[in-house]
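Undergrad:
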Amino acid sequence: ETGVTQSPTHLIKTRGQQVTLRCSSQSGHNTVSWYQQALGQGPQFIFQYYREEENGRGNFPPRFSGLQFPNYSSELNVNALELDDSALYLCASSSPGQGQYFGPGTRLTVT
Amino acid sequence: QQQVKQSPQSLIVQKGGISIINCAYENTAFDYFPWYQQFPGKGPALLIAIRPDVSEKKEGRFTISFNKSAKQFSLHIMDSQPGDSATYFCAAREWGNNDMRFGAGTRLTVKP
């Protein structure tokens, strides 16, 4: 059974740029959730995708957007990057009603 | 908008001791309460979870105690080991809602 994988591991971007982060869900899971984890804090829910549609969204602006593909993998896109977007971005996959399993995260630094 | 309050912020325990981390919540619609363990540079790993229809769940050295009336739940790590040194997060989710709310985390250090 393959776990959740994310790419890239680390990324450095400049303020105002755009970034795309990728996630492959665990085998058998059809739901992907994205979280932002600032240093020293708990993860904050960004949004969730189920069957290629957004299925819930946290308190994040529209410049955070996403996609889910037929194989259940997912992308997180952030436009017009701000310094405060620097964080660890976590992807978690699950099946409905089950626990979420997290990937190792992508560390994004915005300078 | 933190709906789950976790304490303590940090905890130091001797090897073989019991580590206890507490969480409190306000939203009575929460119906799923997991605990996650996170090592530096890694994503959180699901440790154990409980639903409000039971008061306790045990898996190996890890036990969740749940008090529905007090709106509190706690993680007990028995026979704590240096390898348990990590940050632990409690979380809660409302039925029908996909937004998992996390506590701020507890950094546990187990001294040999």
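Chains A and B, in that order, give the protein sequences. Quick note on numbering: our numbering labels position 20 of the first sequence as 20, and the sequence is numbered without any gaps. Quick note on numbering: our numbering labels position 2 of the second sequence as 113, and the sequence is numbered without any gaps. C-beta atoms are modelled at their ideal positions from N, C-alpha and C, and glycine is treated no differently. Computed from a prediction, not measured in an experiment: that's the story for all the values here.
Please confirm whether Asp85 (chain B) has its beta-carbon closer than 9 angstroms to some beta-carbon of chain A.
TA: Nothing in the structure corresponds to residue 85 (chain B), since chain B is present only between 112 and 223.
Undergrad: Please report how far the alpha carbon of Pro145 (chain B) lies from the alpha carbon of Arg22 (chain A), in whole angstroms.
TA: Straight-line Cα distance between these residues: approximately 25 angstroms.
Undergrad: Would you tell me roughly how many angstroms separate the C-alpha atoms of Gln37 (chain A) and Tyr49 (chain A), rounded to the nearest one?
TA: If I take the Cα positions, the gap works out to 19 angstroms.
Undergrad: Secondary structure at Pro193 (chain B), three-state DSSP: helix, strand or coil?
TA: Three-state DSSP puts Pro193 (chain B) in a helix.
Undergrad: Count the other CB atoms within 10 Å of the CB of Trp206 (chain B); is the residue buried (16 or more) or exposed (fewer)?
TA: Counting Cβ neighbours within 10 Å, Trp206 (chain B) comes out exposed, since fewer than 16 surround it.
Undergrad: Could you list the residues in the stretch 207–218 of chain B with a C-beta less than 8 angstroms from some C-beta on chain A, going in chain order?
TA: Within the stretch 207–218 of chain B, the residues whose Cβ lies closer than 8 angstroms to some Cβ of chain A are Asn208, Asn209, Asp210, Met211, Arg212, Phe213, Gly214, Ala215 and Gly216, listed in chain order.
Undergrad: Can you check whether the C-beta of Pro119 (chain B) is within less than 9 angstroms of a C-beta belonging to chain A?
TA: Closer than 9 angstroms: no.
Undergrad: Could you check which residue in B:Ala197, B:Ala202 and B:Met211 has the C-alpha nearest to that of Leu219 (chain B)?
TA: For Leu219 (chain B), the nearest C-alpha among the options comes from B:Ala197.
Undergrad: Looking at the strands, I want to know which residues DSSP matches up with Ala203 (chain B).
TA: Ala203 (chain B) pairs with B:Arg212.
Undergrad: Which whole-angstrom value describes the C-beta separation of Ser93 (chain A) and Ser25 (chain A), a residue pair presumed to lie in contact below a C-beta threshold of 8 angstroms?
TA: Confirmed, about 3 angstroms.
Undergrad: At a Cβ cut of 9 angstroms, what residues of the stretch 31–46 of chain A count as close to chain B, listed as they run along the chain?
TA: Here the close residues are Thr31, Ser33, Tyr35, Gln37, Gly40, Gln41, Gly42, Pro43, Gln44 and Phe45.
Undergrad: Would you check if the stretch 187–195 of chain B and the stretch 157–176 of chain B touch, i.e. whether three or more CB-CB distances between them fall below 8 angstroms?
TA: Taking 8 angstroms as the limit for Cβ pairs, the verdict is that the stretch 187–195 of chain B does touch the stretch 157–176 of chain B.
Undergrad: Tell me the DSSP secondary structure of Asp84 (chain A) in three-state form.
TA: It is helical.
Undergrad: Any idea what DSSP makes of Asn138 (chain B), helix, strand or coil?
TA: If DSSP states are grouped into helix, strand and coil, Asn138 (chain B) belongs with coil.
Undergrad: Using a Cβ-Cβ cut-off of 8 angstroms (strictly less than) and excluding sequence neighbours within five positions of Ala202 (chain B), which residues of its own chain qualify?
TA: Around Ala202 (chain B): Val115, Phe144, Pro145, Trp146, Tyr147, Met211, Arg212, Phe213 and Gly214.
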